[in-house]
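Here's the structure, in structure tokens; my notes come after.
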Amino acid sequence: MKHIYTKMLPFMAALIVISCGSCSSKDEIKPLTEGGSMKLTSTAFADGEKMPQEFAKLGANHIPPLEIDGVPEGTKSLAIIVHDPDAPLPGGFYHWTLWNIPPQTTSIGEGNVPSDAVEGETSWGTSGYNGPQPPFGTHRYIFYLYALDMNLSLPAGSSVKELKAAIKGHAIEAASLTGMFGAKDNP
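So for the sequence shown, my numbering puts the first residue at 26; every next one is plus one.
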């Protein structure tokens, strides 16, 4: 039995290196300015607090009510990426992408997504919001908001990778809101 593990060791080491390579911050989006005044909040949960079940995939799967404030001058559009960095996959799991949100938008939620906005593909392989459904433990669901200096020419259903590439170098400012949800919270 020990011999089998010895033979598997190089394979397992290679797998760890490959996985960690996909977790690098090379695709991280850096805003053009630091420390801005833009804010993203929710009336359903505070930053760092538990998200109610109605926003979970196994619940009603509703988009949480999001409030946007302090959008900087020169913003042409907004984008949102919802990421679970705690998912047991290299790079985490993406639950929602939305872009070309008009800069004057002050709230987004279930039944309140701007008609001009475009939704991309999630890690589920579908477009639209897909709420938390952690397989185990408590996960962070980070709602990233980006103020962009342009409208994006990406078609609906574009991948997170394509969206991040399009945003790079165009994010004037960024804000985030983190909701928590655990496997024990699933309905």
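C-beta atoms are modelled at their ideal positions from N, C-alpha and C, and glycine is treated no differently.
Per DSSP, SER140 has no beta bridge partner at all.
In this structure, LEU65 lies near SER201, with their beta-carbon atoms less than 8 Å apart. Per the coordinates, the alpha-carbon of GLY134 lies some 24 Å from the alpha-carbon of LYS186. With fewer than 16 other Cβ atoms from the protein chains shown falling within 10 Å of its own Cβ, ALA85 counts as exposed.
With a cut-off of 8 Å on Cβ pairs, the segment 162 to 171 is in contact with the segment 103 to 118, counting three or more such pairs. Distance from the Cα of PHE161 is smallest, within the candidate group GLU198, ASP210, LYS82, THR122, for ASP210. Two segments are said to touch when three or more pairs of C-beta atoms, one from each, lie closer than 8 Å; by this definition the segment 93 to 101 does not touch the segment 109 to 120. The beta carbon of GLY156 lies closer than 6 Å to those of PHE80, ALA81, LYS82, ASN86 in the same chain, with the five residues before and after it left out. Here the alpha carbon of GLN158 sits roughly 13 Å from the alpha carbon of GLY117. About 5 Å separates the Cβ atoms of THR122 and LEU188, confirming a contact at the 8 Å cut-off.
Within the DSSP bridge table, the entry for ILE106 names THR122, TYR169 as partners. Counting along the chain, LYS101 sits inside no alpha helix (DSSP H), nor does DSSP assign it H or E at all. Going by DSSP, ILE192 is part of the alpha helix (DSSP H) stretching over 185 to 192.
For ALA200, the enclosing beta strand (DSSP E) starts and ends at 196 to 207. By the neighbour-count criterion, in which a residue is buried when 16 or more other Cβ atoms sit within 10 angstroms of its Cβ, PRO180 is exposed. Taking the Cα positions, SER67 is about 26 Å away from GLY182. Cβ contact annotation for ILE192 (same chain, cutoff 7 Å, sequence separation greater than five): ILE54, ALA104, TYR171, LEU173, in chain order.
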